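Colleague: Per the numbering used here, the sequence shown starts with residue 104, numbered consecutively. We put the CB at the ideal spot given by N, CA and C, even for glycine. Everything numeric in this text was worked out from a predicted model, so none of it was measured.
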Amino acid sequence: MRSGSITSSTDRKGVGKRVTPRRGLIAALDVGTAKICCFISRIEDDGTLEVVGIGHQVAQGTRAGAIVDMSAVESSIREVLQAAEDMAGDTVRTVLVGVTGCQPHSRTLKIELELGGHEVSEADLKRVFERSNSEETRQDRVVLHGLPVGYEIDGLQGIRDPRGMRGEKLLVRMHVVSGARSTIRNLTNCVGRCHLDTEALVLSPYASGLASLVEDELDLGAICIDMGAGITSIAVFQNNAMMYSDAVPIGGWHVTSDIARGLDTSMRDAERLKTLFGSAIINDVDNKDMIDVPLLGERDATVPNHISRDILIGVVRPRLEEVFELVRDRLDAVGFGKSGIMRVVLTGGASQLSGLRDLASNILGKHVRLGGPPPIPGLAQSMRNPAFATCAGLLLYAAQQADVAGIFRTGQFPESEGHIGRFGQWFRDNF
Numbered sequence: 104m105r106s107g108s109i110t111s112s113t114d115r116k117g118v119g120k121r122v123t124p125r126r127g128l129i130a131a132l133d134v135g136t137a138k139i140c141c142f143i144s145r146i147e148d149d150g151t152l153e154v155v156g157i158g159h160q161v162a163q164g165t166r167a168g169a170i171v172d173m174s175a176v177e178s179s180i181r182e183v184l185q186a187a188e189d190m191a192g193d194t195v196r197t198v199l200v201g202v203t204g205c206q207p208h209s210r211t212l213k214i215e216l217e218l219g220g221h222e223v224s225e226a227d228l229k230r231v232f233e234r235s236n237s238e239e240t241r242q243d244r245v246v247l248h249g250l251p252v253g254y255e256i257d258g259l260q261g262i263r264d265p266r267g268m269r270g271e272k273l274l275v276r277m278h279v280v281s282g283a284r285s286t287i288r289n290l291t292n293c294v295g296r297c298h299l300d301t302e303a304l305v306l307s308p309y310a311s312g313l314a315s316l317v318e319d320e321l322d323l324g325a326i327c328i329d330m331g332a333g334i335t336s337i338a339v340f341q342n343n344a345m346m347y348s349d350a351v352p353i354g355g356w357h358v359t360s361d362i363a364r365g366l367d368t369s370m371r372d373a374e375r376l377k378t379l380f381g382s383a384i385i386n387d388v389d390n391k392d393m394i395d396v397p398l399l400g401e402r403d404a405t406v407p408n409h410i411s412r413d414i415l416i417g418v419v420r421p422r423l424e425e426v427f428e429l430v431r432d433r434l435d436a437v438g439f440g441k442s443g444i445m446r447v448v449l450t451g452g453a454s455q456l457s458g459l460r461d462l463a464s465n466i467l468g469k470h471v472r473l474g475g476p477p478p479i480p481g482l483a484q485s486m487r488n489p490a491f492a493t494c495a496g497l498l499l500y501a502a503q504q505a506d507v508a509g510i511f512r513t514g515q516f517p518e519s520e521g522h523i524g525r526f527g528q529w530f531r532d533n534f
């Protein structure tokens with residue numbers, strides 16, 4: 104069965120965009136460092152979603168969100184896609200793909216357009232968007248998202264939809280996110296080798312934010328921190344728009360590696376110890392709780408190697424402190440650290456460690472909660488955990504884009520253009 108086409112229409116606010124797909128199937132693909140996941144959803148004319156297929160497995164051939172073994176990743180994508188299609192009882196030909204390890208660069212541009220007293224038209228807005236795309240002059244970068252985050256006409260701010268308004272000068276503030284061209288091209292080529300077309304490329308923390316943040320957080324402001332195995336990504340939301348994005352090259356895998364090195368054990372046992380006994384906060388009884396740590400290469404399983412739990416936490420905590428200190432520094436550098444945005448939502452597989460909320464709150468100086476996918480028909484409770492936020496967010500991006508202002512993708516490769524990716528189609532549907 105062919106996948107459903109996706110079109111868009113302007114929401115009541117005039118700036119936020121709501122996608123209204125025709126009936127069919129949409130597929131979301133999240134290629135991460137620790138796992139590769141595919142969700143297939145059936146979508147009705149009214150935008151109602153129902154997850155009908157799920158496939159996921161341990162990732163092979165990726166590192167820090169980037170492909171390092173094309174054949175291994177291709178094989179993994181084929182397997183998770185097959186599992187999702189078998190569950191759905193149908194096939195898909197296009198997917199929305201989350202982008203993680205692309206070294207994202209986020210900046211806000213001010214683009215001015217002389218109106219000469221005439222009404223703002225669709226052609227005027229198209230010129231603004233084309234100019235924002237052309238601002239990325241580096242050949243090794245490609246624009247992933249261009250998001251209008253504010254309009255002004257002759258100094259009048261707070262305009263939600265400038266169409267039909269008259270003035271001498273239109274100013275549009277655009278948030279432009281670009282990524283490394285080679286990383287993105289490798290990802291789209293790998294998807295193509297699986298006989299799939301890339302419908303859209305969506306920055307992973309952006310998708311995770313759509314899944315994890317509630318309506319008031321999107322409006323009043325919140326910071327989504329997506330903690331993956333190889334990368335910790337950041338997306339700042341306010342006024343129903345993503346205002347900033349960034350990433351630090353540290354994730355849950357680095358914590359596991361620290362445990363393996365510090366306690367002289369295997370990576371497999373280190374991951375188990377982290378999951379079962381790891382914590383970001385030491386309490387009074389941790390020095391009394393004893394855990395068994397298998398020694399690396401020790402064949403005699405009866406040889407005891409007991410340590411207190413506080414030793415394990417002492418290995419885990421410094422790396423987590425480093426992550427949040429780097430995040431804090433990135434936010435401070437662009438003015439969001441000490442801004443009025445006081446809420447942080449942690450998501451991603453590495454965010455589930457005990458005590459992480461308290462540690463993050465202490466370092467960032469903000470209220471912190473754990474977030475995951477919202478209730479979606481067909482999505483089992485076991486899948487509604489932070490590890491699957493990106494995949495769920497990709498479905499929401501396609502289905503309705505959650506009223507986040509002005510979302511469209513301009514970084515498109517000719518060989519992978521899909522319904523969302525075609526600028527002309529996007530512009531016709533949204534304006």
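For D329, report the span of its beta strand (DSSP E) as first-last.
Modeller: Note, D329: beta strand (DSSP E), A325 to M330.
Colleague: Is the region 234 to 243 close to the region 182 to 200, with three or more CB pairs under 8 Å?
Modeller: No, they do not touch.
Colleague: Could you have a look at A463 and say whether DSSP puts it in helix, strand or coil?
Modeller: In this structure, A463 counts as helix in the three-state DSSP scheme.
Colleague: For L306 versus V280, is the C-beta distance shorter than 7 Å?
Modeller: Yes, the Cβ-Cβ distance between L306 and V280 is below 7 Å.
Colleague: Helix, strand or coil: how does DSSP classify I334 here?
Modeller: Residue state, collapsed to three classes: coil.
Colleague: Between H409 and D389, is the Cβ-Cβ spacing less than 7 Å?
Modeller: No, Cβ-Cβ distance for H409 and D389 is not below 7 Å.
Colleague: Within 10 angstroms of the Cβ of Q341, are there 16 or more other Cβ atoms? Answer buried if so, exposed if not.
Modeller: Result: buried.
Colleague: Among H470, M486 and K469, which residue has its Cα nearest to the Cα of P477?
Modeller: Of the candidates H470, M486 and K469, the one whose C-alpha sits nearest the C-alpha of P477 is M486.
Colleague: Please work out which residues of its chain come closer than 8 Å, Cβ to Cβ, to H470, disregarding the five sequence neighbours upstream and downstream, and give them in chain order.
Modeller: Counting only Cβ-Cβ distances below 8 Å, and skipping sequence neighbours, we find M445, R446, V447 and S464.
Colleague: Alpha carbon to alpha carbon, what distance is there between R420 and G400?
Modeller: Approximately 26 Å between the Cα atoms of the pair.
Colleague: Cα-Cα, which of R230, G333, V245 and L366 is closest to T203?
Modeller: Closest option to T203, Cα to Cα, is G333.
Colleague: How about the region 365 to 384 and the region 195 to 215: do they share at least three Cβ pairs that are nearer than 8 Å?
Modeller: Touching, no.
Colleague: Do E153 and G481 have their beta-carbon atoms positioned less than 7 Å apart in this structure?
Modeller: For G481 and E153, yes; Cβs fall inside 7 Å.
Colleague: With DSSP collapsed to three states, give me the class of T513.
Modeller: Its pLDDT being 37, under 50, T513 is placed unreliably in this model, and the value from its coordinates should be taken loosely. The answer is coil: DSSP assigns T513 none of H, G, I, E or B.
Colleague: Would you give the residue range spanned by the beta strand (DSSP E) that G158 belongs to?
Modeller: Its beta strand (DSSP E) spans residues L152 to V161.
Colleague: Is V507 buried or exposed, if buried means 16 or more other CB atoms sit within 10 Å of its CB?
Modeller: In this prediction, V507 scores a pLDDT of 31, lower than 50, which makes its location untrustworthy; the coordinate-derived value is nonetheless stated afterwards. Its Cβ being crowded by 16 or more others within 10 Å, V507 is buried.
Colleague: Just to confirm, is the Cβ distance from A310 to G201 under 7 Å?
Modeller: Going by C-beta atoms, A310 is nearer than 7 Å to G201.
Colleague: Does DSSP put D243 in a helix, in a strand, or in coil?
Modeller: Looking at D243 - three-state DSSP - the assignment turns out to be coil, as it is neither helix nor strand.
Colleague: Skipping 5 residues on each side, what residues in its chain have a beta carbon closer than 7 Å to that of N292?
Modeller: Correct list: empty, nothing qualifies.
Colleague: What does DSSP give as the partner residue(s) for H557 in the beta ladder?
Modeller: Because the chain spans 104 through 534 in this model, residue 557 falls outside it and cannot be assessed.
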